[in-house]
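**Student:** Using this note's numbering, read the sequence shown as starting at 110 and increasing by one per residue. Using N, Cα and C, we set each Cβ at its ideal position, and we do this for glycine too. None of the values given here were measured: they were computed from a predicted structure.
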Amino acid sequence: MRDCRSANVRKILVLRMRAAKLAADYERAQSDAAPARHRARQLLEEARMLKGTLTTCELAELRRAWSGV
Numbered sequence: 110m111r112d113c114r115s116a117n118v119r120k121i122l123v124l125r126m127r128a129a130k131l132a133a134d135y136e137r138a139q140s141d142a143a144p145a146r147h148r149a150r151q152l153l154e155e156a157r158m159l160k161g162t163l164t165t166c167e168l169a170e171l172r173r174a175w176s177g178v
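Printed below as a string of structure tokens:
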């Protein structure tokens with residue numbers, strides 16, 4: 110036997126299904142992004158460590174590069 114549902118009930122069910130799909134897509138995207146985020150943090154840490162070894166002249170050069178000069 111088929112359920113007779115009002116238009117509002119059907120709309121709510123459709124909205125909830127869409128929301129569940131979007132939430133699942135979001136979670137999947139987050140898990141896919143985690144390795145890239147980890148690698149980005151590793152690269153930033155490597156850059157910080159390398160920055161600590163720069164000479165005064167190289168540090169000035171780096172600051173100019175960052176400022177776009």
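Which two residues bound the contiguous alpha helix (DSSP H) that contains Leu152?
**Tutor:** Taking the sequence shown and counting its residues from 1, the one referred to as residue 152 is at position 43. Taken as a continuous stretch (DSSP letters only), the alpha helix (DSSP H) holding Leu152 covers 116–160.
**Student:** In three-state terms, what does DSSP make of Cys113?
**Tutor:** Translated into the one-based positions of the sequence shown, residue 113 becomes position 4. If DSSP states are grouped into helix, strand and coil, Cys113 belongs with coil.
**Student:** For Leu171, does the three-state DSSP call read helix, strand or coil?
**Tutor:** To locate residue 171, count along the sequence shown from 1; it is residue 62. Here Leu171 sits in helix by DSSP.
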